[in-house]
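Peer 1: Next up is a structure, given as structure tokens.
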Amino acid sequence: MQENEHLEFRKSLRELKEGVISLSAMLNMGHHGTVVFGMDEEGRACGTEAPAFAGKVILSEVRSSIRPLPLSVSVSDGEQEGRRIITAVAEGDDTPYSAYGKYYTRGNGMDIPMGQEELMDFFREKDGRSSSWEKAPSGYGPEDIDGDLLLDCVRNAESSGGMAYVYRNESDALRRLGLLTDDGRLSNAGWYLFGRGKPVTIREESFPTDSETSDGCISTFRGNILECISEAYSWILNHITFKARIAGLQREEIPEIPKDAIREIVVNSFVHAAYEDEGACFRYSVRRSSVSISNPGTLAGGADTERFASGKTGRRIRNVLIAAVLWRCGYMDALGKGLRRVADLCSRSGTEYSSSSDGASFTFIFRRKAGFLSKQLNDRKTHRPDDRNNSYSSGRKDSLDEKILSLIRKNGRITVPEIAAVTGRPVVTVYRHIRSLADARKVRRKGARKNGSWEITG
Numbered sequence: 023m024q025e026n027e028h029l030e031f032r033k034s035l036r037e038l039k040e041g042v043i044s045l046s047a048m049l050n051m052g053h054h055g056t057v058v059f060g061m062d063e064e065g066r067a068c069g070t071e072a073p074a075f076a077g078k079v080i081l082s083e084v085r086s087s088i089r090p091l092p093l094s095v096s097v098s099d100g101e102q103e104g105r106r107i108i109t110a111v112a113e114g115d116d117t118p119y120s121a122y123g124k125y126y127t128r129g130n131g132m133d134i135p136m137g138q139e140e141l142m143d144f145f146r147e148k149d150g151r152s153s154s155w156e157k158a159p160s161g162y163g164p165e166d167i168d169g170d171l172l173l174d175c176v177r178n179a180e181s182s183g184g185m186a187y188v189y190r191n192e193s194d195a196l197r198r199l200g201l202l203t204d205d206g207r208l209s210n211a212g213w214y215l216f217g218r219g220k221p222v223t224i225r226e227e228s229f230p231t232d233s234e235t236s237d238g239c240i241s242t243f244r245g246n247i248l249e250c251i252s253e254a255y256s257w258i259l260n261h262i263t264f265k266a267r268i269a270g271l272q273r274e275e276i277p278e279i280p281k282d283a284i285r286e287i288v289v290n291s292f293v294h295a296a297y298e299d300e301g302a303c304f305r306y307s308v309r310r311s312s313v314s315i316s317n318p319g320t321l322a323g324g325a326d327t328e329r330f331a332s333g334k335t336g337r338r339i340r341n342v343l344i345a346a347v348l349w350r351c352g353y354m355d356a357l358g359k360g361l362r363r364v365a366d367l368c369s370r371s372g373t374e375y376s377s378s379s380d381g382a383s384f385t386f387i388f389r390r391k392a393g394f395l396s397k398q399l400n401d402r403k404t405h406r407p408d409d410r411n412n413s414y415s416s417g418r419k420d421s422l423d424e425k426i427l428s429l430i431r432k433n434g435r436i437t438v439p440e441i442a443a444v445t446g447r448p449v450v451t452v453y454r455h456i457r458s459l460a461d462a463r464k465v466r467r468k469g470a471r472k473n474g475s476w477e478i479t480g
């Protein structure tokens with residue numbers, strides 16, 4: 023026997039991760055794959071000294087690491103030339119499959135990381151269509167994007183493993199992300215993701231009842247996609263209810279709706295939106311009994327809304343280029359698995375959800391928990407000043423601005439992704455606050471954008 027596009031040999035279970043990656047690559051190549059542990063590269067049995075329960079370990083690793091879950095996975099024990107071997111077989115046609123958050127294909131018996139264009143082709147073929155709007159010229163150039171935001175996103179992509187690339191300049195980075203047209207101008211996707219002209223509008227609504235009333239609050243926010251993702255996510259968190267519990271010596275805040283589920287649906291609203299209508303508006307509404315997230319456009323490919331809400335629908339993506347960039351930059355764990363993750367998170371937390379479409383827009387609805395609306399609980403109904411306004415908030419000592427200033431005082435070379443990791447806030451939110459601090463002459467940047475440092479000035 024020899025290794026091929028559907029067969030891989032591994033000497034021992036110490037190479038289990040590599041074996042799982044091989045299974046995902048073979049699924050992407052031909053919808054089935056086999057990995058044999060206890061065989062060398064020449065196909066000779068060398069045996070494995072794995073414990074008796076090794077089969078359960080392999081099954082658990084495959085089921086927890088390959089997304090979406092293959093249609094079938096089996097593991098069997100056997101012997102060859104008097105030596106023990108273990109065979110793992112996986113089958114499934116819901117491509118592309120990821121392993122440990124990354125995508126691979128197969129060639130000459132080797133696992134090859136999938137490039138962005140190849141990955142997008144999987145989704146185009148899956149849906150039988152793709153949005154021609156994404157690649158159309160926007161009328162803008164690289165000079166019209168927010169360069170600092172692009173740089174931070176590329177750095178985040180490098181650190182998360184979504185992009186093996188050393189930043190050179192804006193045009194080169196945009197080209198690597200597939201966001202430039204053939205003549206070097208910004209595509210629509212590039213302009214909407216990073217443009218400084220605020221091409222996206224979101225509407226934020228909060229009402230104390232389940233209907234629109236005069237004592238509600240309605241506001242709008244404009245920005246690019248990355249800015250709007252951060253804004254919408256933070257806005258919703260500041261309008262739902264949290265309760266606190268003490269875990270050991272730490273105080274833990276528990277939301278009525280899982281935060282990761284909210285974030286997945288917010289990101290999905292921008293991935294699946296129809297951007298062709300320039301007057302279209304995203305809508306985020308918090309009412310007494312529900313939180314709804316609406317985007318312009320219906321489901322790509324006419325997918326059924328009930329199956330979409332359950333996470334069982336096929337993975338159809340309207341804007342595959344925007345989705346690929348968001349995945350590379352760490353906004354999505356893996357393309358196409360978000361809805362399954364939302365379904366799992368809501369199931370574990372007892373959160374009910376549904377979806378609907380009126381022919382012009384698609385809405386995902388989380389049902390709020392009545393038990394969380396008790397007066398004894400901490401209901402965060404208003405925005406934190408430093409989150410809502412793009413201005414320096416000097417009155418609050420615990421604001422994000424103060425945390426950023428404190429971190430810069432300790433280390434002037436700290437990066438925006440590092441600040442985001444320490445504070446637990448989205449990269450785009452941190453970047454927006456630093457820009458506001460700079461506008462208020464509280465900080466300034468010294469040296470080049472790539473290798474410079476921050477300095478406290480006020």
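So the sequence shown is numbered by the numbering used here: it starts at 23 and just counts up by one. Ideal Cβ positions, reconstructed from N, Cα and C, are used throughout, including at glycine. Every value quoted in this text rests on a predicted model; they were computed, and no experiment measured them.
What does DSSP give as the partner residue(s) for Y122 in the beta ladder?
Peer 2: Beta-bridge pairing links Y122 to no other residue.
Peer 1: Below 8 Å, can you find three or more Cβ-Cβ pairs linking the segment 158-169 to the segment 419-434?
Peer 2: Taking 8 Å as the limit for Cβ pairs, the verdict is that the segment 419-434 does not touch the segment 158-169.
Peer 1: DSSP state of N26, grouped into three classes?
Peer 2: Strand.
Peer 1: Put V482 into one of helix, strand or coil per three-state DSSP.
Peer 2: For residue 482 there is no data in the structure shown, the boundaries of the chain being 23 and 480.
Peer 1: Quick check on this structure: which residue in K124, N317, A179, D99 has the alpha carbon closest to the alpha carbon of R305?
Peer 2: With distances taken between Cα atoms, R305 lies closest to N317.
Peer 1: Checking 7 Å against the spacing of the C-beta atoms, do A67 and Q102 come in under that value?
Peer 2: Yes. Within cutoff.
Peer 1: For V156 and L172, what's the separation of their Cα atoms in angstroms?
Peer 2: Correcting the residue identity first, residue 156 is Glu in this sequence and not Val. Spanning the two alpha carbons is a distance of roughly 18 Å.
Peer 1: Among S307, L348, E424, which residue has its Cα nearest to the Cα of F388?
Peer 2: Minimum Cα distance to F388 is reached at S307.
Peer 1: Can you tell which of K124, M136, V188 has the C-alpha that lies nearest to the C-alpha of N473?
Peer 2: Nearest C-alpha to N473: V188.
Peer 1: In chain order, what are the residue ranges of uninterrupted alpha helix (DSSP H) at least 4 long that sit wholly in the segment 268-316?
Peer 2: As far as the segment 268-316 is concerned, its whole alpha helix (DSSP H) runs of at least 4 residues are 281-293.
Peer 1: What are the boundary residues of the beta strand (DSSP E) that G224 is part of?
Peer 2: According to the sequence displayed, residue 224 carries Ile and not Gly. 222-228 is the extent of the beta strand (DSSP E) around I224.
Peer 1: Alpha carbon to alpha carbon, what distance is there between R285 and S291?
Peer 2: One C-alpha to the other measures close to 10 Å.
Peer 1: Which same chain residues, not among the five before or five after V42, have their C-beta less than 7 Å away from its C-beta?
Peer 2: Contacts found: E83, V84, S87, I88, A121.
Peer 1: Would you mind sorting E165 into buried or exposed? The rule is 16 or more other CB atoms within 10 Å of its CB.
Peer 2: The residue is exposed, with fewer than 16 neighbouring Cβ atoms inside 10 Å.
Peer 1: Taking C-alpha atoms, which residue in R457, K33, D168, D461 lies nearest to G65?
Peer 2: Looking at the Cα atoms, K33 is the closest of the given residues.
Peer 1: Going by DSSP, name the residue or residues bridged to R244.
Peer 2: T223, per the DSSP bridge assignment.
Peer 1: Round the Cβ separation of L49 and Y119 to the nearest angstrom and send it over; I've been treating them as touching at under 8 Å.
Peer 2: L49 to Y119, Cβ: 5 Å. Contact.
Peer 1: Give me whichever residues DSSP pairs with R466 in a beta bridge.
Peer 2: In DSSP, R466 forms a bridge with E477.
Peer 1: Could you check which residue in T235, L348, S311, Y353 has the C-alpha nearest to that of E374?
Peer 2: Minimum Cα distance to E374 is reached at S311.
Peer 1: CA-CA distance, R244 and N210?
Peer 2: Distance between the alpha carbons of R244 and N210: 17 Å.
Peer 1: With 16 other CB atoms within 10 Å as the buried threshold, where does L93 fall?
Peer 2: Exposed: under 16 other Cβ atoms inside 10 Å.
Peer 1: Between which two residues does the beta strand (DSSP E) holding E113 run?
Peer 2: Where E113 is concerned, the enclosing beta strand (DSSP E) stretches over 105-113.
Peer 1: For A110 versus I80, is the C-beta spacing smaller than 7 Å?
Peer 2: Yes, Cβ-Cβ distance for A110 and I80 is below 7 Å.
Peer 1: Starting from Y375, follow the beta strand (DSSP E) in both directions and report where the run begins and ends.
Peer 2: Y375 -> beta strand (DSSP E) spans 375-379.
Peer 1: Measuring alpha carbon to alpha carbon, tell me which residue in L29, R390, R218, A295 is nearest G129.
Peer 2: Closest by alpha carbon: L29.
Peer 1: Within 10 angstroms of the Cβ of A76, are there 16 or more other Cβ atoms? Answer buried if so, exposed if not.
Peer 2: Counting Cβ neighbours within 10 Å, A76 comes out buried, since at least 16 surround it.
Peer 1: Tell me the rounded alpha-carbon separation between Y414 and I478.
Peer 2: At Y414, the pLDDT of 37 sits below 50, so the modelled position is not reliable; the number obtained from the coordinates is stated separately. Roughly 14 Å separates the two Cα atoms.
Peer 1: If you compare alpha carbons, which of L35, T127, S96 is closest to N26?
Peer 2: Of the listed residues, the one whose Cα sits closest to N26 is T127.
Peer 1: With the cut-off set at 7 Å, would you say S379 and F386 are in Cβ contact?
Peer 2: No; because the gap between Cβ atoms is not below 7 Å, this pair is not in contact.
Peer 1: Shorter than 6 Å, the distance from the beta carbon of R66 to the closest heavy atom of the ligand ZN, or not?
Peer 2: Annotation note on the ligand ZN: not contained in the displayed structure, which lists no ligands.
Peer 1: Do the segment 214-226 and the segment 244-255 meet, that is, are 3 or more Cβ pairs less than 8 Å apart?
Peer 2: Contact between the segment 214-226 and the segment 244-255 is present, because at least three Cβ pairs lie under 8 Å.
Peer 1: Could you have a look at D174 and say whether DSSP puts it in helix, strand or coil?
Peer 2: If DSSP states are grouped into helix, strand and coil, D174 belongs with the helices.
Peer 1: What separation, rounded to the nearest whole angstrom, lies between the Cα atoms of P407 and R340?
Peer 2: With a pLDDT of only 35 at P407, under 50, the local geometry of the prediction cannot be trusted, and the value read off the model is given with reservation. About 35 Å.
Peer 1: Are there 16 or more other CB atoms within 10 angstroms of the CB of I240, so buried, or fewer, so exposed?
Peer 2: Per the 10 Å Cβ criterion, exposed.
Peer 1: Are the CB atoms of R106 and G131 nearer to each other than 7 Å?
Peer 2: No.
Peer 1: Return the bridge partner residues of V57 from the DSSP annotation.
Peer 2: E30, A110, per the DSSP bridge assignment.
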